[in-house]
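Asker: Residue numbers (the working numbering): 164 to 235. Quick one: the structure is below, questions incoming.
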């Protein structure tokens with residue numbers, strides 16, 4: 164593990180201290196967990212986007228598409 168120094172507003176630091184204490188954790192561990200969760204979310208989003216972009220088709224059409232006026 165590596166150490167990181169961050170700068171935050173006093174109010175944010177106070178909230179972080181209270182929140183970490185409520186969770187039975189430290190500010191350092193809580194920030195590390197938040198960053199790890201953010202990374203997991205972005206990795207999942209990127210994977211879903213790659214999957215969506217690889218999508219080719221649901222199959223072939225049996226004819227021309229209807230015009231909007233034909234659907235209404």
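For glycine and all other residues, C-beta sits at the position ideal for the given N, C-alpha and C. Source: prediction; values computed, not measured.
Compare the beta carbon distance of residue 193 and residue 182 with 8 Å and say whether it is the shorter of the two.
Answerer: For the purposes of this step, residue 193 is identified with residue 30 of the chain shown, where counting begins at 1. For the purposes of this step, residue 182 is identified with residue 19 of the chain shown, where counting begins at 1. Yes. Within cutoff.
Asker: Quick one: measure Cβ to Cβ for residue 190 and residue 179, integer angstroms, because I've assumed they're closer than 8 Å.
Answerer: Numbered from its first residue, the chain shown carries residue 190 at position 27. Numbered from its first residue, the chain shown carries residue 179 at position 16. Correct: roughly 5 Å between the Cβ atoms.
Asker: Please report the residue range of the alpha helix (DSSP H) in which residue 190 lies.
Answerer: To locate residue 190, count along the chain shown from 1; it is residue 27. Per DSSP, residue 190 belongs to the alpha helix (DSSP H) from 190 to 217.
Asker: What's the C-alpha gap between residue 195 and residue 171?
Answerer: The residue given as residue 195 occupies position 32 in the chain shown. The residue given as residue 171 occupies position 8 in the chain shown. If you take the alpha carbons of residue 195 and residue 171, they lie about 15 Å apart.
Asker: Which of the three DSSP states, helix, strand or coil, is assigned to residue 235?
Answerer: On the chain shown, residue 235 is found 72 positions in, with the first residue counted as 1. Residue state, collapsed to three classes: coil.
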